[in-house]
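Student: What follows is a single structure, and I will ask about it in a moment.
Residue numbers (my numbering), protein chains in the order written: chain A, 1 to 324; chain B, 1001 to 1347; chain C, 2001 to 2530.
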């Protein structure tokens, strides 16, 4: 147990921070309850997918600046396809949009591998390309989403063997997030591909010499980022019921949560759980600041300060904990 | 200025402790808490809107506390802010929607929680919400029609839009196209999105002037004074310019040699009107219509009467990006000092 | 036998023999210099005394501490201990700029002009006067240089000349040349040597580092020899001095370590595992042929930069050879990716462990990585099977796994064991070891020797490059010596002592009595020094 705690110290620390923030929220707003937690889960959903996308490429030693544009494009594509279409049609739209995300992400990876232009440049260019493409699909917010899709992130599901008091705190949005991430991440983590992702992020040379196909792995990493980005885009459409062509604030937020979640910029270290918890920590901070009616111009300063403080604290603990 | 009050709030715990003491501070007659949600930060028009909300809340004497979520975000982010305001159990929410349909879910939840919702500036699709808005389509139609008349019904017009995809921009586009249809000899020679950014718009017009293409008029979606600056600086021929009633532009219409132009009102003080409407509904005085539209006016400097009007509204004390129409008759009761001070109740 | 100056660096044999007064002013006098990186001592007690107008060679085997001493003298790094006197005055050389001010200007092995600046800007950066620079460039045999050209667009040989001209332009009291002639064509090299002689005639000093004995004999007045971070002697360059320098570089062997059991006679005719013919890779490896038998440990011996890096890179699939063939078990193979080599059962263990391991990842993952690379599929790794194989490898190598969460927390020796363990787990049949014992403790070194012999005993073959020559007789069955990109000699272990290897590595001819039986296998490549 202590070993588990030590090896996952960062995640454990974030969970503790999240718990403290929940208690704090309850103190600030005694009426804060399961319904409000559901709101938090829904608010965190697009951020969580954005950060998952970013985490995969950062673990593989890259960065993806096109995350937010990818979400915008997939969101408007889904919303315009579902506009006026039947409920069943959405069953086709969802896999189509996910595949589109994967392919466009892989294009990022192919460009990086083939042209040898730095990832930051390629994905920056892709940011503009995807943003333009999103405006071509829908020049103004619009479109629609199937009712069942919208319903899938509201309310709670009755879980067998679990009392209502518990299921009330398991909003559908959270369940959906966990299922989507697990379906992709767990098989990945257990496969050679997952190992290769960490390998190329940790040391490209060592990975190459160990026989890892570096180029192919990098392309797939960006493809997976595109896939998670498409999930994020769909979640935007699911929560707003429309598609918006102008990208939201997901790029900076994704990098912030990746760092806060213990994934090292530069690659090779970290997981998906940390960044996801970090997303909810940041969302809950915003909730608390709103509940406290703190001057809106100060809230972003506080958000930034918390991020720096946590990362610095983590680094401090890591240095102290290192065996002499 | 406001620094001292920020400092007290910086540590979260201290903030929480302070809040715990707030309920006792409720004074007689001030009972409502109003939540505000706005998704564009650092834009003069939106800042005036927020200041008008604060000033009206203070002037009304009925608001104990404002809870303002004010940041740059999208519809999904606004959903989050709105839900946080619902969690904060406010009595009413004044919202400038990032998207008319995209925030429907949260507005519906607010209605279920018994919260009065007033959308300002732009419409929303949620039927239980009240709307008080500037008529954006009419805004564009009025200005464009006047401009095309000034151009003699023919020639090339530069069409400097707002932000691609924003609903106010697409509404204005409808009005612009409507006017354009009435003048078949007027052609759009250059169409560009300024993103409602001053520096970007100035660069764009300078780039266009540099191409040497002829144009006879410029329509702007409210980024106007920098366009006049660019015309003056580049020594280009003065053409009629249409903008909004921003303080900088209005003073240019009064002073710049050879500039013919018109300002169409688009009062940011609509936020204050939103507060008034919300308080009326809370007090049981519901309006007859769910939607209240504030119609724009056009102030031009081509006629003596127009010049008189422009002289009377010019206000050098306002920042150049602020609209000069800082109040709306019947809807706002604050003084000019109050809106410039930009302080809400308890600040 | 020259006086051993290791204990007392001020005792210089040359000074006494010349009969010159001991008080003669030295232009540079460094003594007692020590520098450690963590637990590894790069220099223990080095000294170097240079007289005015002297050309002074600095000699030592790979890893003896030459480059560390040079870096300290030129201010690139700071010594832990020791005095540096310049013209009799103590100087604290804190930076390269400091060294230049003191009159000590180096020309390093690698071109040091900034590639994206033109020549004039490069000169301005180091405050070098342009006119003398241009004159020197002409003198050195480059008549038509365009000063506005980008350093990037200039061929390497000319860049070296420019580096030298830049150093000469500031009229240094002590010019330090590190392998200056290595990258130059013969005509340019001759000009350089000429300039060095003229410097000396003008009363300026030159410290000269080179692997070419011919140049050193022809040019230098004295040589300081380093071994294991210590100055072990100063030799006057007179006929026969080469032999004394080699002796000093190797040192007197106090204790002969006993080698491990070698290949049995019965295995001598075992099949050929790898056969390399006329391999040419990049610019450094010119033409190499050899065979590696099953159950054999073959040593590769070479001075730095003779093409051994390219040889190992080509055999492990990291570099594609320009010509030549590689056969594994008699079948021609072409590697376009290390994965191909791994599938052919060839594993590469680099000297720098950070180039082999994922430092931030666990021992388990590091061992599983190449093991899984043998399979073409992308599917899930069988967790149970993986755990068994990994566990077995760790147990076999007795890796201390208390800190197995991150490989970077293991000791250097344990890290090196992990790099080997992963290939045992991956069931490699041929192991290419590139200086695997560099910077690890004696105990672990011995374990690695034992392990390599054990692998050979199981019929696996090992190609083992080492910069520590005594390892050849400890571990190898024979030694392949490479010089100038070609195999110059192949010595059976019995005669591959350090003296023989050093001589061969410097391209000096072997004693006529040497056994040439194995050389007969290599008709195309054997031969004398080039």
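Glycine residues also receive a C-beta, built at the ideal position from the N, C-alpha and C atoms.
Please look up how many angstroms separate the CB atoms of residue 2043 of chain C and residue 2033 of chain C, rounded, as I've assumed it's under 8 angstroms.
Tutor: Contact flag correct, Cβ pair sits at about 6 angstroms.
Student: Please tell me whether residue 2183 of chain C and residue 2212 of chain C are closer than 7 angstroms, where the distance is taken between their beta carbons.
Tutor: Result no, Cβ atoms of residue 2183 of chain C and residue 2212 of chain C do not sit closer than 7 angstroms.
Student: Give a yes or no on whether the minimum CB-CB distance between residue 198 of chain A and chain C is below 7 angstroms.
Tutor: It does: the Cβ of residue 198 of chain A has a partner Cβ on chain C nearer than 7 angstroms.
Student: Tell me the DSSP secondary structure of residue 1043 of chain B in three-state form.
Tutor: Three-state DSSP puts residue 1043 of chain B in coil, outside helix and strand.
Student: Would you give the residue range spanned by the beta strand (DSSP E) that residue 1327 of chain B belongs to?
Tutor: Counting along the chain, residue 1327 of chain B falls outside any beta strand (DSSP E), and DSSP gives it neither H nor E.
Student: What are the residues in the region 1068 to 1082 of chain B lying within 8 angstroms of chain A by C-beta distance?
Tutor: The residues in question are 1068, 1069, 1070, 1071, 1072, 1073, 1074, 1075, 1076, 1077, 1079, 1080 and 1081.
Student: In three-state terms, what does DSSP make of residue 92 of chain A?
Tutor: Note: residue 92 of chain A maps to helix in three-state DSSP.
Student: Could you pull out every residue in the same chain whose Cβ sits closer than 6 angstroms to the Cβ of residue 1209 of chain B, ignoring the five residues on either side in sequence?
Tutor: If we look at residue 1209 of chain B and ignore the five residues flanking it on each side, its Cβ neighbours are 1234 and 1236.
Student: For the 8 angstroms Cβ check, are there 3 or more pairs between the region 2109 to 2117 of chain C and the region 2133 to 2141 of chain C?
Tutor: Output reads no: the region 2133 to 2141 of chain C does not touch the region 2109 to 2117 of chain C.
Student: I want to verify the contact list: residues of chain A whose CB lies under 9 angstroms from the CB of residue 2338 of chain C, in sequence order.
Tutor: Neighbours of residue 2338 of chain C on chain A, chain order: 208, 209, 210, 211 and 212.
Student: Should the region 1316 to 1324 of chain B be called in touch with the region 1262 to 1270 of chain B, which here means at least 3 C-beta pairs below 8 angstroms?
Tutor: Flag = yes, the region 1316 to 1324 of chain B and the region 1262 to 1270 of chain B touch.
Student: I need the straight-line Cα distance from residue 138 of chain A to residue 244 of chain A, nearest angstrom please.
Tutor: Each residue's Cα considered, the two are about 8 angstroms apart.
Student: If you measure between the beta carbons of residue 1033 of chain B and residue 1065 of chain B, is that distance less than 7 angstroms?
Tutor: Cβ atoms of residue 1033 of chain B and residue 1065 of chain B: closer than 7 angstroms.
Student: Could you tell me whether the region 2340 to 2360 of chain C touches the region 2418 to 2438 of chain C, where touching means 3 or more Cβ pairs closer than 8 angstroms?
Tutor: Touching, yes.
Student: Return the residue from the list B/1285, B/1117, B/1126 and B/1158 that minimises the CA-CA distance to residue 1207 of chain B.
Tutor: Among B/1285, B/1117, B/1126 and B/1158, the Cα nearest to that of residue 1207 of chain B is on B/1158.
Student: Could you name the residues of the same chain whose beta carbon sits closer than 8 angstroms to that of residue 106 of chain A, not counting the 5 residues immediately before and after it, in chain order?
Tutor: So the qualifying residues of the chain are 219, 220, 222, 223 and 226.
Student: Please identify the residue among A/36, A/46, A/39 and A/8 whose C-alpha is closest to the C-alpha of residue 230 of chain A.
Tutor: Checked all of A/36, A/46, A/39 and A/8; the closest Cα to residue 230 of chain A is A/46.
Student: Residue 88 of chain A: buried (16+ other C-beta within 10 angstroms of its C-beta) or exposed?
Tutor: Classification for residue 88 of chain A: exposed.
Student: In angstroms, rounded to a whole number, what distance separates the CA positions of residue 1046 of chain B and residue 1070 of chain B?
Tutor: Going from the Cα of residue 1046 of chain B to the Cα of residue 1070 of chain B covers about 10 angstroms.
Student: At a CB-CB cut-off below 8 angstroms, which residues of chain A make contact with residue 2370 of chain C?
Tutor: Neighbours of residue 2370 of chain C on chain A, chain order: 210 and 211.
Student: Using a cut-off of 8 angstroms between C-beta atoms, extract the partners of residue 246 of chain A located in chain B.
Tutor: Under the 8 angstroms cutoff, chain B gives 1074, 1163, 1164, 1165 and 1166.
Student: Taking its Cβ as the centre, do 16 or more other Cβ atoms sit within 10 Å of residue 2078 of chain C, making it buried, or is it exposed?
Tutor: Exposed: under 16 other Cβ atoms inside 10 Å.
Student: Residue 29 of chain A versus chain B: which residues are under 8 angstroms apart at the beta carbon?
Tutor: Those within 8 angstroms of residue 29 of chain A in chain B are 1087, 1088 and 1089.
Student: Quick one: list the residues of chain A neighbouring residue 1099 of chain B, beta-carbon separation under 8 angstroms, in chain order.
Tutor: The answer, in chain order, is 141, 240, 242 and 244.
Student: With contact counted as at least three CB pairs below 8 angstroms, one residue from each stretch, are the region 2217 to 2232 of chain C and the region 2051 to 2070 of chain C in contact?
Tutor: Contact holds: three or more Cβ-Cβ distances are below 8 angstroms.
Student: Between the beta-carbon of residue 283 of chain A and the beta-carbon of residue 153 of chain A, is there less than 7 angstroms?
Tutor: No, these two residues do not count as a Cβ contact at 7 angstroms.
Student: Which value, in whole angstroms, describes the spacing of the CA atoms of residue 1276 of chain B and residue 167 of chain A?
Tutor: Their backbone Cα atoms lie some 41 angstroms apart in a straight line.
Student: Comparing the C-beta of residue 203 of chain A with each C-beta of chain C, is any distance below 7 angstroms?
Tutor: Output row for residue 203 of chain A: interface = yes.
Student: In its own chain, which residues sit with a C-beta less than 7 angstroms from the C-beta of residue 143 of chain A, not counting the 5 before and 5 after it?
Tutor: Within the same chain, residue 143 of chain A has close Cβ partners 76, 79, 80, 82, 83, 242 and 243.
Student: Across the region 1175 to 1189 of chain B and the region 1139 to 1151 of chain B, are there enough close Cβ pairs to call them in contact, namely three or more that are closer than 8 angstroms?
Tutor: Contact between the region 1175 to 1189 of chain B and the region 1139 to 1151 of chain B is present, because at least three Cβ pairs lie under 8 angstroms.
Student: Going by DSSP in three states, residue 2045 of chain C sits in which element: helix, strand or coil?
Tutor: Residue 2045 of chain C falls in the strand class under three-state DSSP.
Student: Could you tell me which of A/19, A/94 and A/73 sits nearest to residue 136 of chain A, measuring between CA atoms?
Tutor: Of A/19, A/94 and A/73, the residue nearest in Cα terms is A/73.
Student: By alpha-carbon positions, which one of C/2203, C/2143, C/2474 and C/2026 ends up nearest to residue 2053 of chain C?
Tutor: Among C/2203, C/2143, C/2474 and C/2026, the Cα nearest to that of residue 2053 of chain C is on C/2203.
Student: Does any residue of chain B have a CB that is nearer than 7 angstroms to the CB of residue 46 of chain A?
Tutor: Output row for residue 46 of chain A: interface = yes.
Student: Taking only beta-carbon positions, decide if residue 1084 of chain B is within less than 7 angstroms of chain A.
Tutor: Taking Cβ atoms only, chain A reaches closer than 7 angstroms to residue 1084 of chain B, which makes this a yes.
Student: Which whole runs of the alpha helix (DSSP H) in the region 199 to 276 of chain A are 4 residues long or more, in chain order?
Tutor: List check, alpha helix (DSSP H) in window: 204 to 209, 214 to 240 and 250 to 260.
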